[in-house]
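Following: one structure in structure tokens, then a few remarks.
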Amino acid sequence: MKFRLIYLIAFLIISLFAIKYWDFSEKYSEIRFEKITPTIGLDQLINVDKRQINYLNSLYYKNEFIGFNAIVKNHYVTVTKIGENIKKINILPISKKPINHGVIGLPPSDINDVIARYIDFSLLFPNGDNLSCHTDGVIVKTFDSHFKEIVFNASNIDFLFDTEQNRKYFGYVGIRQISSVSFVCFDEDLFLINVHPLKGNSFRSLHEIFAIN
1 MKFRLIYLIA
11 FLIISLFAIK
21 YWDFSEKYSE
31 IRFEKITPTI
41 GLDQLINVDK
51 RQINYLNSLY
61 YKNEFIGFNA
71 IVKNHYVTVT
81 KIGENIKKIN
91 ILPISKKPIN
101 HGVIGLPPSD
111 INDVIARYID
121 FSLLFPNGDN
131 LSCHTDGVIV
141 KTFDSHFKEI
151 VFNASNIDFL
161 FDTEQNRKYF
171 GYVGIRQISS
181 VSFVCFDEDL
191 FLINVHPLKG
201 NSFRSLHEIF
211 AIN
């Protein structure tokens, strides 16, 4: 009887992992990068000269555009849509307490894509107005002119939408280095912009690259 109970518990645990893996695989298979110009460009999000932007690819989930990768002035830029119907975003105080989300990161799209994005596809897209931020590193600097940008030195930074209906996770994980993440609302959609320097170059924030005052 005791061994039957152990086998039953083991079977239930394995079944649970199998269901989660199948669910992730199904959602993961609906992600794709396409080497086309994005439908919403960086110049629309932050009003900069589009001639300075070299688009690499666009990111889609199912058939919906959710971001792109680009190179701007020796910096690698990834843009990801993570929220809808957001008129104002309230970024809560940054915490070092980790959040256990169990979400797997997206694969790199090229050799310079060294900071992986992870997205909780269980519900796209949330429309909460409170965003918690957690990191294992240190915040170096923040900018608040026109949009909020956080410069951090860390190997991961996590974000959590905590609404009445659900908890939605998004974040970045990779090698420890200085990079930044910016929060930009466009047509009531929330986009996160990650910037890190290409190998051999010094870091500049998005505000510094485009001299945004």
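Here full-length UniProt numbering is used: the first residue of the sequence shown is 1, the next is one more, and so on.
Every residue gets a Cβ at the ideal spot worked out from N, C-alpha and C, and that includes glycine.
Treat the numbers as computed from the prediction; the structure is a model and nothing was measured.
Closest to residue i by CA distance: which of the options is it?
i      : options                           : result
Phe183 : Phe143, Ile119, Gly41 and Thr37   : Phe143
Val195 : Ala70, Glu34, Glu64 and Thr37     : Ala70
His207 : Leu160, Val48, Asn54 and Lys35    : Val48
Ser180 : Tyr169, Thr135, Asp187 and Asp120 : Thr135
Asp120 : Pro108, Phe159, Cys133 and Ser132 : Phe159
Lys73  : Gln52, Thr80 and Glu84            : Gln52
Lys81  : Glu149, Glu188 and Pro197         : Glu188
Pro197 : Lys50, Asn112 and Val138          : Asn112
Val79  : Phe203, Ser202, Gly200 and Leu192 : Leu192
Gly83  : Cys185, Ser202 and Gly174         : Cys185
Phe33  : Ile46, Asp110, Asn54 and Gly174   : Asp110
Phe203 : Val140, Tyr169 and Lys148         : Val140
Asn63  : Lys50, Tyr169 and Thr39           : Thr39
Gly137 : Leu190, Thr37 and Val173          : Val173
Would you kindly report the start and end of the unbroken beta strand (DSSP E) that includes residue i?
i      : result
His75  : His75 to Gly83
Lys64  : Just to set this straight, residue 64 is Glu in the shown sequence, not Lys. Segment Glu64 to Val72, the beta strand (DSSP E) holding Glu64.
Phe147 : Looking at the DSSP string, Phe147 is not in any beta strand (DSSP E), and its letter there is neither H nor E.
Ile119 : Ile115 to Ile119
Ile31  : Ile31 to Glu34
Strictly under 8 Å for the Cβ-Cβ distance: is residue i near chain C by that measure?
i     : result
Val77 : Judged by its chain identifiers, the structure shown contains no chain C, having just a single protein chain.
Could you check what DSSP says for residue i in three-state terms: helix, strand or coil?
i      : result
Gly200 : coil
Leu192 : strand
Leu42  : helix
Glu208 : helix
Lys50  : helix
Asp158 : strand
Thr135 : strand
Ile111 : coil
Trp22  : At Trp22, the pLDDT of 43 sits below 50, so the modelled position is not reliable; the number obtained from the coordinates is stated separately. The answer is helix: DSSP assigns Trp22 an H, G or I state.
Leu59  : strand
Assuming residue i contacts residue j (C-beta within less than 8 Å), just tell me the rounded distance between them.
i      : j      : result
Ile178 : Val151 : 7 Å
Leu56  : Ile66  : Not a contact, Cβ separation roughly 15 Å.
Asn156 : Gly171 : 6 Å
Tyr61  : Ile31  : 6 Å
Ile212 : His146 : 6 Å
Arg117 : Leu106 : 5 Å
Please determine whether the Cβ atom of residue i lies at a distance below 7 Å from any heavy atom of the ligand GTP.
i      : result
Leu198 : Here there are no bound small molecules, and the ligand GTP is not part of this structure.
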